[in-house]
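J.: Numbering (mature numbering (1 follows the signal peptide of the UniProt record, and there is no 0)), first residue to last: -25 to -1, 1 to 238.
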Amino acid sequence: MRGFVVIASMLLLSTSIVLPESVDADEEDNDSFEKPDHVYDIARENTYSNTGREQPELEPSELTKDLQETTVETIDNPELVSLLNESTIKDSKIPFGSNASIYLGTWALNYDSEHTEVNWEYENINTNEQDNRGGDGVVSLQYKQQQNKEAKGELNSDVPQLEGVKNLMQMKASDKTSLPLSFSSTVGQGTEAGPNYQVEGKKLGVLQGYVPAVHEKGTVTYGEVYVVMKGNKRLLEVKNIEKQAVDGWIPVKDHVTLTYRNG
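Next comes the structure, spelled out in structure tokens:
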């Protein structure tokens, strides 16, 4: 009995040591989403208006909330939530003791994020140069976009219901990183950003512009969705549940990363 007490005490002690480490790991993940100083928000300066469709934040109706509580599967797909919000079910049309089932289709129900990281230099979109190799004084160089350039995101996995999955991934990654994400981000010609870089005499100044992007990796859950009515009861039934791994890149909208080399 005394040996059991010693072992239990050791287990409790090891647990108290491990827990703080897991908290520190979470903090490191959050820090990795903070923008470095050389990443600039160009929403105001951008000469191209990125008016891509924003992901809707739908509030489920009372009926939708009631239906969601009847299934263990989480439903995050905004299109499915919208469909349920628009549904009306009148109990008076269903005779007592009768059963009915309405098939709503196969849907991408939710997305579980397993890994998220930011590549601040995802795609090179512009190069500005200031050749001062023949001079002795200092001249300046500033970022100026030479032409319209679109950075496109993509999924590295072949998955059903591609657009629905992209929406779910974008919603989760945006919430996780607090960055404005879109599968397409364009920087317009003539856009200026950042400081004036000093190019010394006898040097060539090279200023590169990049669109950053988030690499998102996780699992999407699919299922056949039915609204089932049993007498005066209404419930949501999800059948043939499947899970599939997915990963992809989602650009950060209206942002540019600048790297300067003076050589």
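Cβ atoms here follow ideal geometry from the backbone N, Cα and C, with glycine treated the same way.
Do residue 50 and residue 168 come within 9 Å of each other at the CB atom, strictly closer than that value?
T.: Their beta carbons are not under 9 Å apart, which means residue 168 does not touch residue 50 by this criterion.
J.: Have a look at residue 242 and residue 122 and give me their C-alpha separation to the nearest angstrom.
T.: What is shown of the chain runs -25 to 238, which leaves residue 242 out entirely.
J.: Using C-beta distances below 7 Å, list every residue in its chain close to residue 241, excluding the 5 sequence neighbours before and after it, in chain order.
T.: Nothing can be reported for residue 241, as the shown portion of the chain is limited to -25 through 238.
J.: At the level of alpha carbons, what is the spacing between residue 210 and residue 153?
T.: Their backbone Cα atoms lie some 35 Å apart in a straight line.
J.: Express the C-alpha separation of residue 110 and residue 98 in angstroms, rounding to a whole number.
T.: Roughly 32 Å between the two C-alpha positions.
J.: Please classify residue 147 as buried or exposed, where buried requires at least 16 other C-beta atoms within 10 Å of its C-beta.
T.: Buried, since its Cβ has 16 or more Cβ neighbours within 10 Å.
J.: Pop quiz: residue 120 and residue 162 are said to be a contact at Cβ under 8 Å. What is the actual Cβ separation, rounded to whole angstroms?
T.: Yes, they are in contact, since the Cβ atoms of residue 120 and residue 162 sit about 5 Å apart, within 8 Å.
J.: Run through the segment 91 to 135 for me and flag every whole beta strand (DSSP E) of 3 or more residues, listed as ranges in chain order.
T.: Entirely contained in the segment 91 to 135, the beta strand (DSSP E) runs reaching 3 residues are, in chain order, 114 to 119, 124 to 127.
J.: Output the distance between the C-alpha atoms of residue 220 and residue 194, rounded to the nearest integer angstrom.
T.: One C-alpha to the other measures close to 4 Å.
J.: Using only the alpha-carbon positions, how far apart do residue 142 and residue 160 sit?
T.: Cα to Cα, the separation comes out at about 15 Å.
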